[in-house]
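Taking it in order: structure first as structure tokens, then the write-up.
Protein chains: 2
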Amino acid sequence: MMRVNQTETAVLGALSVAPMTGYALREAIREVLGHFWSESFGQIYPTLANLEHHRLVTRRGSSRPGSSTFAITAAGRARLTELLGQPIQPVPPRNGLMLRLFFGRHLGPEACRSLISDARADARRRLAQYDTIRHQLEADHSHQQDHPYWLLTVWAGEHTARATITWADQALAALEEMDAPGNQRNERTRR
Amino acid sequence: MMRVNQTETAVLGALSVAPMTGYALREAIREVLGHFWSESFGQIYPTLANLEHHRLVTRRGSSRPGSSTFAITAAGRARLTELLGQPIQPVPPRNGLMLRLFFGRHLGPEACRSLISDARADARRRLAQYDTIRHQLEADHSHQQDHPYWLLTVWAGEHTARATITWADQALAALEEMDAPGNQRNERTRR
DNA sequence: GGGCACATGTAAGCTGTTACATGATTAA
DNA sequence: TTAATCATGTAACAGCTTACATGTGCCC
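Each protein sequence line maps, in turn, to chains A and B.
The first sequence begins at 1 in my numbering and counts up by one.
The second sequence begins at 1001 in my numbering and counts up by one.
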């Protein structure tokens, strides 16, 4: 099937914005791409070594800790464009919240409400973060050409977060109704 | 860190709805939970064997192909409730679409538009599917107690899909504007 | 009797995480 | 001088997918 190593894409992409150390790379991926991507050290360093071997990045300074910086080469940029053009690898979905809600009967309405409230709080937190990021983007004039694209991902995050919030409101209302005293149906299993 | 095997949860959950064979289990997970969960054969059978060993499920009929059906036991139900109550394992995000858009400068507006259109078409398809599922739910009276919970997950899918569609519209509009600077639009390749 | 859907498993291998080992630099 | 942070790497292992091996029952 020849699955493309997507770590390569993320690393080359990050280095296309600015040269940096492997450590900074991980921080950048965590803080900037963190809302939709993640990489661990165990992936980053072998990938960097491999990229260096293929001359797609160069190491400036010795390999002594604290002094080496990785920069993307022209060939690296070409490779990045090629990688970005490849079909998206679909990630098998694994949504723990939905799994719990689907079998929510075994948890009971109260525990489900708690899960949903947590998800809503999380979405609100993310929404606030996106706002901060947007302001930072507007204040930063050093990567103008990238900004329109970066904005697209921020928007996506905002739409998703808002959708989560409205869904949570609807879901909580429905669960309230389930064991509401209005219809004196089953008043049994409550704690 | 003792990560909980979430396959166990999915398998026990599915068997809590109805007894079935391993094969049917995989079909059920693919068709019913498919929008937010996935399991492969390589996971399901070892998990079933393990669950059987711990008396959380029983096998009815011999292990001869075509004749054995797995059913959840009382202990299995208890274990399911326990598993569902455990904290959600956060899955490291890996959104290939966002990765490509974030580095979209190297792809160009045209390719990005294409990616976003595809995502929108996908979301519309999902939306139609959720509609079908909702009607099936309303017509089916065999799992009344589960329905409210199942509906929650359908709603979540609908909200997410709708958010994707509105995001895509906004993003496409922004990209249109990008290579139509000022008011003179260049009417080249549009689909 | 050939093909297909159903059914159960195993093994190889890849991806990615976690933990560990090591050391430099800087600030308290 | 101690602790924290920066920095680079490796090794072990968990999780999951894919491909393979094997067999049954049924329908055309």
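Even glycine gets a Cβ: it sits at the ideal position worked out from N, Cα and C.
If you draw a straight line from the Cα of Gln-1006 (chain B) to the Cα of Trp-150 (chain A), it is about 34 Å long.
For Arg-94 (chain A), the secondary structure class from DSSP, reduced to helix, strand or coil, is coil.
Residue range 1069–1072 is occupied by the beta strand (DSSP E) that includes Ala-1071 (chain B). Against chain B, the CB of Ala-173 (chain A) has no partner CB under 7 Å away; the residue lies outside that interface.
Within chain B, Gln-1145, Asp-1146, Tyr-1149 have C-beta atoms less than 7 Å from the C-beta of Arg-105 (chain A), given in sequence order.
Taken through DSSP and simplified to helix, strand or coil, Thr-21 (chain A) comes out as coil.
Remark: C-beta atoms of Ala-75 (chain A) and Arg-55 (chain A) approach each other more closely than 7 Å. In the displayed model, Val-1057 (chain B) falls within a strand according to three-state DSSP. If the five residues before and after Gly-13 (chain A) are omitted, its C-beta is found closer than 7 Å to the C-beta atoms of Leu-80, all from its own chain and listed in chain order. For Arg-1100 (chain B), a Cβ of chain A is located within less than 7 Å of the residue's own Cβ.
In the three-state scheme derived from DSSP, where H, G and I count as helix and E and B as strand, Trp-1037 (chain B) is classed as coil. Against chain B, the CB of Gln-89 (chain A) has a partner CB under 7 Å away; the residue lies at that interface.
Counting the other CB atoms within 10 Å of its CB gives Glu-158 (chain A) a total of 16 or more, which places it among the buried residues. Just so you know, the alpha carbons of Tyr-1023 (chain B) and His-1141 (chain B) end up roughly 25 Å apart. Using a Cβ-Cβ cut-off of 7 Å, Leu-84 (chain A) counts as an interface residue toward chain B, since at least one Cβ of chain B sits closer than that to its own. In the DSSP assignment, Asp-1131 (chain B) falls within the alpha helix (DSSP H) that extends over 1109–1139. Contact annotation for Asn-1095 (chain B) against chain A: Phe-36, Trp-37 [CB-CB distance below 7 Å, chain order].
Going by C-alpha positions, Phe-1103 (chain B) is about 35 Å away from Val-1032 (chain B).
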